[in-house]
Amino acid sequence: MNTILSIKPLLAVLVSLLVIPVLVSSSDRPNVRESWIFIAGTITLLIVLSMLPVILDGNQLALTLFEIAPGASIAFRVDGLGMLFAIVAASLYIVTSIYSIGYMRGLKEHGQTRFVSFFALAISATIGAAFSANLLTLYMFYEILSLATYPLVTHHQDTKSMISGRRYLIFILGTSIGLVLPAMIYCYHVTGTLEFSTAGIFSDQLSKPAATVLLLMFVFGFAKAGIMPFHSWLPAAMVAPTPVSALLHAVAVVKVGVFSIIRVMTGIFGVELLSTYNLGVVVMCIASFTILVGSCIALSQDELKRRLAYSTISQLSYIIFGVALLSPQGLLGGIIHIVMHAFGKITLFFCAGAIFVATGKKYVSQMSGLGKKMPFTFTAFFIGALCVIGLPPSGGFYSKWNLILGTLEAEQSIFMLVLLVSSFLNAFYFLPIVYKGFFEKSNEEDENMPVKIREANLCLVIPLIISAIISIVLFFYPTVFVNLIKVGLAI
Amino acid sequence: MDIFVICLLTIGLFFFFGGAVGIIRMPGFYTRLHPAGILDTMGILVMVVALAIYNLHQLTFESVLLTIKILLIVFFVFLSSPTATHSIVDAGMRAGLRYWTKKKEKE
Amino acid sequence: MTDFFLWIALGLCILMFCPLYRVMFGPTVLDRLVGVNAIGSKTVVLLLLIGFIYKRIDMFVDIALAYAFLNFIAVLAASRYFHKRKGLYEESFLD
Amino acid sequence: MNNYPALIVIAPLLAALFAGLAVWIEDRLSYYIAILGLAVSSFSALKVLIQVIESGTIQYKMAGWDAPVGIEYRIDLLNAMVLLLISGIALFNLIASYKNVEQEISDRKGSFYTIYLLFVTGLLGVTATGDLFNLYVLIEITSLTSYAMVALSDKDRGPLASLNYIFIGVIGASFYLLGVGYLYMKTGSLNMMDVADIIASQHDSSTVLVGFILCMIGVWIKMALFPMHVWLPNAYSYSPVAFSRVVAPLMTKVMVYVMIRLMITVFGFEYIFNTLHLSEAVVWLATIAVLAGGVLALAQDNLKKILAYIIVCEIGYMVGGAWLGNQSGMTGAILHLLNDALMTFALFLGLGNMVYMLGKVKLNNLQGLFSRMPWTMTGFVVAAFSIVGVPPTCGFFSKWYLISGAFEAGAYHFAAALIISSLICAILFFKVFEICFFQSSPDLQGQGHGHKFQVMAEAPVSMLIVSNLVSFSLIVVGVFSGTIVKTIILPFLQGI
Amino acid sequence: MTVSTRSPGQNSCKQTSGYLKSFFPFLITFFIMFLSWIVLSGKFEPLLLWLGGISSFFVSYYFYDLIFPDFKLKYFTVFFRFVRYIPWILFEILKANFHLLYIAFHPRLKEIIDPQIVIFKTNLKSDIAITTLANSITLTPGTITVSANSDGVFKVHALDRQTAEALPGVMLEKVAKIFGEKI
Amino acid sequence: MPWQIDMIVLFFVILCAVAAITVKDLLSTAILFGAYSFMMCLLWAVMGAVDVAFTEASVGAGVSTVFFVAAVFRTSRRTKD
Amino acid sequence: MKFFGFVVVCLVGGLLLYGTADFPDWGDPDSPASTHLSDIYIEHAFEQTQVPNIVTAILADYRGFDTMFETAVIFCAGLACFLLLRDFKERKERFYRHVPTGVILHVKNSKKALRVGRDFEHIDKDWIPSDLIIKTVCRILIPFIQIYALYVVAHGDFSPGGGFQGGVIFGSSLILLAISYDLKILVRRIKEKVLGICAAAGVLVYVGIAAICMPMGKSFLDYSALEMFVFDPHHVRALGMLGVEIGVGIAVAAVMAIIYINIVSEGRHDEGL
Amino acid sequence: MGMTDIIPLIVAKYNYWLFVVLMMIGLYAMIAKNNLIKKLVGMNIFQTAIILFYVSIGYKSGATLPIIQNVHEGHGHAAIHAADYINPLPHVLMLTAIVVSVATFGVAMALAVKIYQRYHTLEEDELRMRLSEK
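Same order as they appear, the protein sequences are chains L, Y, A, X, C, S, E and G.
Using this note's numbering, you'd call the opening residue of the first sequence number -14 and step up by one each time.
Using this note's numbering, you'd call the opening residue of the second sequence number 27 and step up by one each time.
Using this note's numbering, you'd call the opening residue of the third sequence number 10 and step up by one each time.
Using this note's numbering, you'd call the opening residue of the fourth sequence number 1148 and step up by one each time.
Using this note's numbering, you'd call the opening residue of the fifth sequence number 35 and step up by one each time.
Using this note's numbering, you'd call the opening residue of the sixth sequence number 193 and step up by one each time.
Using this note's numbering, you'd call the opening residue of the seventh sequence number 16 and step up by one each time.
Using this note's numbering, you'd call the opening residue of the eighth sequence number 2 and step up by one each time.
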């Protein structure tokens, strides 16, 4: 495995950062502004993709920017995992930006320039997190992401969004400063380094209780992953405009949380150490709890976006669950679930947004009969739901399959039950919506529907179709990602 | 010479003593001013003159000048002390401080 | 002779207690002023005496001289106060 | 002869005097004189810093006398850095505050600039000097000027705050002086190095101990460590903004510098940490200071006061860091000294812009500020994040060193306090931001949808440029903090 | 009640017009100042003498009108007569001092004193004469000048009847003679 | 140098200080403060610090008291303690 | 507060007393303080600076840097008083006195000022005729005080005193003028502008003398660099000190007057004690 | 221990003890007094106590003033013995300290006048009352 010095990771981060001034300066010409976003997204994706072959060859790209203290620097390193995550983020960024053009214009939202600027900043931070070479850099981008999404979450600037924003900050900033920061500095204090390495950075300086506490601090500290006691920001943050919810809650924010946990578990602690101390089970218990409880709560939600949010909470824990299995198959399943869930869930969110733009309806109970009027949307919704539930022919099946294999491999068959039960629950809360949309008759159709309901505009529909298609494609061609994971974790 | 100085100093001290006692014993503000203002001035005069004379022990030009300088103090004190006394009395009068008289004491 | 000066100085110091008593216990502000004035005049002499005790009278004359001036200024300022502000017993100051 | 070290201090002093003359001749001239003086000073400071980095400590003998006899300037890496910091901040603030001064103290601008320069002179002198007593005199210059400045704003209760400041400030300075006296008693010298040499053999003397404690108490009072902080919030929040912008970042920081200087150069770590065993108590004190500062800040409703209490909190950081007794802690303290000065400066620059436009900065005056003054708020937000400790800004990195120092020393309570205070700061600033972001300003609410029609009313360009420049420098300093540590702080700490 | 209205500031305005009128007081002040300087200094190094000269010049240039607001040649004679007056007054003071000492140490102090205020009018006109008399009265123990104004009205606080009755007495005559004024 | 004088004067100084802060009238405080300065000046002279004594004489006895009186003139004499 | 004060006082007092336990005896000639630096100064000061008053030598030369800032402190105090109190607003109420008759006019809220001349004078609110005796005596005393003050300034090298003391005495002579006559007389005689300029210029003299040494190739304040300006190179340091003391004197005198005037008139410069 | 033994013991330290007493008087006044001007006086006492302390350090028994005698009789500086003269350094320092204290005092007085102009009182509790009224 070679490490190649390259400036590309930095460029990938900087592109969407540098586009912000341009966006701000062209704030009174929306079309110019949006084309810039599109260009930036494309360039980012191209840069990311250009690194792909090198990575697949088993190399790494690295760039150290600033050394803060010996062993702690701001540095980029692109490996398989980071690449995987970056590809997901960058590609979905383009999709989402198209979608958000349609959404924002469709609803005539205010402050669009601010919105797109912070959006770009969030993406930049996400890619930065993906390419971080060490925990310090990761933490930095994690924090930037938290702060950059705050104005997005509270975009409406009303009391409701203020309260949600408050909750968002308390959970995200509180845990990251209160738990991750001390844990990280403690790691640094013990080992003198924060570089991710597959073997972990601890040799034998850590006793089991200390390791347990540290690991829990990290797992709960990266609250963006929505592990159960620190999940409640996620439903609250649903006040945000849907593109935000889509990107944030399917891709950027939550996945950064999960990604960080994966990084810590695989790069800081190392699989060896975790399995020696048998810490995987601890994490797995937590994750299972979240999976089940999250799904159950999702069942009871009537507002579509909230239901999706709780679904996200439980789905995220799949990933952590997979990683915590500490077996190759489990790791593969967990990490690939990042991709699969990203595409599936973003489709669902897009659909929810499209429905809202087209009909103004937010609640599941109001959605009877909409399927006929918005066939594309509901088809995509169906595909997304399949993907999340984990049924073929969608990508979700691949990851769940691997997870189940992983439980067997790790000889943790009890936890297989968790997966199965939760999949049933998933099906219970998604499929009724599809059923309602397509087969139930709308009861208020005749009376008070002044505007005729039809498909939302193209800017909204195209992205959701694309993402739905991709989630199916991934079922057939997951190889790239699988290879990336294998390269990244050397399994 | 020394004895003369000693005598003068003692006298001066005696004046000061008188002033001090007067300040304590006199009834009323205005009467107090008399010993304070005047006996002290006299004390200064006598003592400073004594010291000036003592300074003439070595009779050089410099010590003569120095003696004059010491006597300058007397000059200034004689100029300023009565003025200060007067100013204090005036202040008392303007401030409306009643002065002590025998009659008042009897009442 | 130095011893004699010392005794005289000590005597003056002790004498200073009387005006100091006036300064401290009043009863009126002007009484205090009188006391300060008296202390000032004693101090001038004391300074000269100390000068002789140190055998460096040329240095102490300056101080004594300055003292004589400045004491005057301070007393004048304080008494000028009453030229402009009436009421010796302004508030509850009788102690 | 290399006269730059003297020039750092003398240039502002000369400028102050010329400005003082200009008051009576042509009032407007004084501003330009002030700019010139500070520019020369900053330039010299830069030059000296480069020299020190290249060739080590510079000694400058005042009046040509050798060290213990005369007064010497001893500029090592720490000094040089702080000097540059002070002169730079003073210069930038001067540039930014032309309009503020014009607005707040229009009828006596010249005198203001004169006092301002004297204040800066004092700070620079305190930093540069190698003599204990000279330090006292210079502290008094800074104090006296700040007393005058604090009382200057007529609108608020400046004079009262100032008088209280005088009382406490005098106690502080006097304690310091007394401590120096105790040391002088045992050493007979006033030069720091000389005193240090002599003290080395007198570690068991109770006089030295009391001298040390007195010096420390004096400096703590002057820097507003928690129980002695009572003067600071009022003093800083009632002073005219052009001045509070420079006094808030610099005054306390310079006192922290003095404390570090005394600890390192005069008494030595050996004495403080191995002979005395006071460090634990002081770290606890610092912990309390950090927490109390944060909690008190939460209770305020005036932005100026909030910032003032945050300073109290930050003081705890530095004191605690310096007293942890290890290299990381000390590095953190020194780095935080630099960072905190910049952060506070950036915050107060933003504040100055707000004051210029709004007049009052009570929290409920700030409604709709994000849309009204976006550029000001950009700078302000960056500075706030730096205080909170968000990574690429410099506040994070010094906190990093402090916390790892705390871990190293086993002072977990201090680390916890640091983290809690970060959280408190986050709450605090987001409280402010929420008001600025969610509420639209009352004078525009009548026009319908509030925020949608809000007009931008931004501060003058000169102020904006400075405030955003400084905020940007927070990030730059942050990412280069490794370099700073490596080239300045570590060599300095290893040199002793 | 009318009071002296002259103030030195106004005088200087008036006097600058007459060059000679301001020059003489200046010159004499200069000499007095320089003499004082020499007495004070006691050193005859050229540098110090130069400094003395400059200082004296400075003081006398700016403040000559304080000592001599209206300069008359008569002052020379006044000066000599004044010098002769000094021993007499000193003796008087000494004499009266013993009286005061007697009072101060008297065991029944309150019985022998009888403070009272005496008001009398003189015909003294010039400030300096009035001041001299007032100060002489004050210096003579037992009596303190409470106020004196430019009309020559004196208000004197006397410690006992004896001293009160002696006022104004010989002193007034002497002072009047010095300054060449009518009694 | 005679410590007796020093001691007596020091004693007076302390008396003056106590009186100055306890007396219930600010003008009296000013005057006592002046007396305090006189004593201090004497004390310096006794200890041979002529320069300090000179400074204290000119500052303490002169301008300081005058400033004090001026300030009292412009404010009030009233004090509760 | 009283109890708190008492506790603090006890604590601090106890601490200080604890520190005194290790002190050398009072007046001990062998204490470190009296031997280390002090010996160097005493033995070499005269030889090096030609100034017999060691205190002055240290004050203005060895530790002249301190003294420079001390002067700056004074300047700062003057400036602070000016800055805090100076009030340029004209008073609305005015009092005039008709000189020949002594009638006092009280003019309320007047825009145009009465012409002050031979007949009318502008007086204070609580005006009293200035006392004849005090006035006369002070009139005579003031020039003497001033020459004495200047003497003190010039003889800082040989006797106690120096710039600061002389300046204070000079300043108090000005104050005496204001007290014995009227504040207006002082303000009229010595304009505020002059005082302000003097205060700054005095310090500037000091700093200037010190700074000139730098271009002459020596370090700051090193008077020996001034050799080419003086006629007596042997005494160059003494002369340098003299120059410096004069600067201090000017500044201090001006500042004292400024502070007094501002305090006593609340910054209006019209009426005072 | 007889009287003769106690006296030197007292003489050796009393100056230092009394300076502490003086200083504490000043400190107490600053903390506990209600009137601002009283506090100022306390402040000044406090500062003077420190000056007393320094001057006491400088004192050297059996020595004379730090002004060299007989300078004009040739350059007799070979005869200068350090033990003959009082330590001049504390005096220098204290000159500066006095100047600083008078400067502070002046400014404080100006402030007091300013406060009185606005609130018409100098009592701290009354001031606090006035402030809370607003």
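Built from N, CA and C at the ideal position, the CB exists for glycine as well.
Asked, Found
"Leaving aside the five residues before and after L66(L) along the sequence, list all residues of the same chain whose C-beta is less than 6 Å from its C-beta, in chain order.", "G473"
"By the 10 Å Cβ neighbour count, where 16 or more other Cβ atoms means buried, how is F34(A) classified, buried or exposed?", "exposed"
"Identify each residue in the stretch 164 to 177 of chain E for which the Cβ-Cβ distance to at least one residue of chain A is less than 7 Å, and report them in chain order.", "V167, S174, P175 and G176"
"If I'm right that P67(G) touches V70(E) with Cβ under 8 Å, what's the distance once you round it to whole angstroms?", "5 Å"
"Taking Cβ positions only, does A2(A) come closer than 8 Å to chain S?", "Residue 2(A) lies beyond the stretch modelled for chain A, which goes from 10 to 104, so this question has no answer here."
"Taking 8 Å as the threshold, find out whether the stretch 134 to 144 of chain L comes into contact with the stretch 160 to 178 of chain L through three or more Cβ pairs.", "no"
"Check distances from the C-beta atoms of the stretch 35 to 58 of chain A to those of chain S and list, in chain order, the residues that come in under 8 Å.", "G35, V38, R41, L42, G44, V45, I48, G49, T52, L55 and L56"
"Please report how far the alpha carbon of V0(L) lies from the alpha carbon of V108(G), in whole angstroms.", "58 Å"
"Rounded to the nearest angstrom, how far is the Cβ of T1292(X) from that of V1156(X), given a contact under 8 Å?", "Rounded, the Cβ-Cβ distance is 14 Å, inconsistent with contact."
"Start and end of the alpha helix (DSSP H) containing A1564(X)?", "Y1559 to F1585"
"Using the beta-carbon count (16 or more within 10 Å), is N1381(X) buried or exposed?", "buried"
"Residue ranges of each alpha helix (DSSP H) run of no fewer than 4 residues wholly in the stretch 1298 to 1348 of chain X, ordered along the chain?", "1305 to 1334 and 1339 to 1346"
"Of the residues that make up the stretch 256 to 279 of chain E, which ones have a beta carbon closer than 8 Å to any beta carbon in chain S?", "M271, I274, Y275, I278 and V279"
"Please confirm whether any heavy atom of the ligand COA lies closer than 7 Å to the CB of L167(C).", "In the structure on display, the ligand COA does not appear, and there are no ligands present to speak of."
"Compute the Euclidean distance between the alpha carbons of G369(L) and V419(L), then round it to the nearest angstrom.", "11 Å"
"Can you confirm whether E1249(X), when its beta carbon is compared against all beta carbons of chain L, has any partner nearer than 8 Å?", "no"
"Check I153(C) in the structure and name its three-state DSSP category.", "strand"
"Starting from M110(G), find everything on chain E with Cβ-Cβ shorter than 9 Å and list it in chain order.", "C96, I274 and I278"
"Taking DSSP as the reference, what is the three-state secondary structure of P42(C)?", "Because P42(C) carries a pLDDT of 42, less than 50, the predicted location of this residue cannot be relied on, and the following value inherits that uncertainty. Of the three classes helix, strand and coil, the one that applies to P42(C) here is helix, per DSSP."
"Would you tell me roughly how many angstroms separate the C-alpha atoms of Y1331(X) and Y17(G), rounded to the nearest one?", "14 Å"
"Any contact of the stretch 186 to 198 of chain E with the stretch 68 to 85 of chain A, i.e. 3+ C-beta pairs under 8 Å?", "yes"
"Would you give the residue range spanned by the beta strand (DSSP E) that S58(L) belongs to?", "A57 to V63"
"Answer yes or no: does any C-beta atom of chain A fall closer than 8 Å to that of S187(E)?", "yes"
"Under 8 Å between C-beta atoms, does T71(E) make it to chain C?", "no"
"Once the 5 residues before and after S41(C) are set aside, which same chain residues still bring their CB inside 6 Å of it?", "In this predicted model, S41(C) has a pLDDT of only 42, less than 50, meaning its place in the structure is not dependable enough to derive any value."
"With I1636(X) as the anchor, note down where its beta strand (DSSP E) starts and where it stops.", "I1636(X) -> no beta strand (DSSP E), and no H or E assigned at all."
"On the DSSP bridge list, what partners appear for V187(C)?", "K155(C)"
"Near L219(S), what residues of its chain come up, given a Cβ to Cβ distance below 6 Å and the 5 sequence neighbours on each side ignored?", "V264 and R269"
"Taking 8 Å as the threshold, find out whether the stretch 98 to 118 of chain L comes into contact with the stretch 182 to 194 of chain L through three or more Cβ pairs.", "no"
"What distance in whole Å lies between the Cβ atoms of A1320(X) and S1290(X), which are believed to be in contact at a cut-off of 8 Å?", "6 Å"
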